[in-house]
Amino acid sequence: MEPIRLLVVDDHPLFREGVRWATRDSEDIEVVGEAGDAQTAVELCRSLDPDVILADVTLPTWSGIDLARHVKLHQPSVAIVLMDDEETEEHLFESAAAGVAAYCAKSMSTREVLDVVRRVAAGERLLTQSVIDRPAVAQRVAREFDRLHHEQRQSLSLFVPLSPREMEILDLIARGNSNKQIARTLAISDQTVKNHVTSILKKLAVNDRTEAVVFALRQGWIKMHQLVEEPG
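Quick note: the sequence shown uses numbering that gives the first Met the number 0, first residue 0, plus one each step.
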């Protein structure tokens, strides 16, 4: 299996060196590049084609959120993990709107950070649960989603809902499951899950899994309390 290709973006060289040092003996993560600012990161992202970008929210000139917006527009398959010295609802909202996969405290240990990198590389969207845990942020994301996708949503037929299986998969996505976990839970292949996810995104006219979950919350297809209270 090919290692996860990681691009580290932080204006503190010691942080970048710390991540590189932590992965030196890792067989599943390879730091393919590092940058001290977002503009350099954009160029490296084009040339290196990383699987995951690990970036600080606070960067010179462009913020990490600006970087995320640009990368998701031009290279949507790249998963982005943003680190923040002080987690704020404003940054969480902006990260969700930008399509970020995970938004984490910079106080996390390097081991924890690399675990997040592995999880988002496997298809998990940890940001989804962060949004769900903050109803006010979820509502803001939903409103922004409505504004940005009003025309696409108007064109959706009210008579073409998701299939029962697609709704089941969307519910599992909302609970933070990766494609592999969903496949294991439903006893289907990884490729079948991917096909269903592609169909869900197409039917809802959304760009990624987080937007699909927010759409479902907004429509009332998924209830927030059902996601917080897992059945025992």
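Virtual Cβ for every residue (Gly too), placed ideally from N, Cα, C. All of these numbers come straight from a predicted model, not from anything done at the bench.
Is it true that the CB of K179 sits closer than 9 angstroms to the CB of A121?
Numbered from its first residue, the sequence shown carries residue 121 at position 122. Numbered from its first residue, the sequence shown carries residue 179 at position 180. Their beta carbons are under 9 angstroms apart, which means A121 touches K179 by this criterion.
Quick check on L203: buried or exposed, where buried means 16 or more other Cβ atoms within 10 Å of its Cβ?
In the sequence shown, counting from the first residue as 1, residue 203 sits at position 204. Per the 10 Å Cβ criterion, buried.
How would you call M0, buried or exposed, if buried means at least 16 neighbouring beta carbons within 10 angstroms?
What you label residue 0 is simply residue 1 of the sequence shown in a count that begins at 1. With fewer than 16 other Cβ atoms within 10 Å, it is exposed.
Within this structure, are the beta carbons of L5 and V116 separated by less than 9 angstroms?
Indexing the sequence shown from 1 puts residue 5 at position 6. Indexing the sequence shown from 1 puts residue 116 at position 117. For L5 and V116, yes; Cβs fall inside 9 angstroms.
Count the other CB atoms within 10 Å of the CB of P12; is the residue buried (16 or more) or exposed (fewer)?
Walking along the sequence shown from the start, residue 12 turns up at place 13. With fewer than 16 Cβ atoms within 10 Å of its Cβ, P12 is classed as exposed.
Determine, using beta carbons only, whether A67 and I79 come nearer to each other than 9 angstroms.
Indexing the sequence shown from 1 puts residue 67 at position 68. Indexing the sequence shown from 1 puts residue 79 at position 80. Yes, Cβ-Cβ distance for A67 and I79 is below 9 angstroms.
Rounded to a whole number of angstroms, what is the C-alpha to C-alpha distance between I199 and N176?
Residue numbering aside, residue 199 sits at position 200 when the sequence shown is read from its first letter. Residue numbering aside, residue 176 sits at position 177 when the sequence shown is read from its first letter. Taking the straight line joining both Cα atoms gives about 15 angstroms.
Roughly how many angstroms separate the alpha carbons of T191 and A182, rounded to a whole number?
Along the sequence shown, one-based indexing puts residue 191 at 192. Along the sequence shown, one-based indexing puts residue 182 at 183. Each residue's alpha carbon lies about 8 angstroms from the other.
In this structure, what does DSSP give as the bridge partners for I168?
Locating residue 168 in the sequence shown gives position 169, where the first residue counts as 1. I168 pairs with nothing; no bridge assigned.
For S62, which residues in the same chain have their Cβ closer than 8 angstroms to its Cβ, ignoring the five residues on either side in sequence?
Mapped onto the sequence shown, residue 62 falls at position 63. So the list reads A37 and V56, once near-sequence residues are dropped.
Could you check the C-alpha separation between Q153 and P59 for me, to the nearest Å?
Residue mapping note: residue 153 aligns to position 154 of the sequence shown, counting from 1. Residue mapping note: residue 59 aligns to position 60 of the sequence shown, counting from 1. With a pLDDT of only 48 at Q153, under 50, the local geometry of the prediction cannot be trusted, and the value read off the model is given with reservation. Each residue's alpha carbon lies about 39 angstroms from the other.
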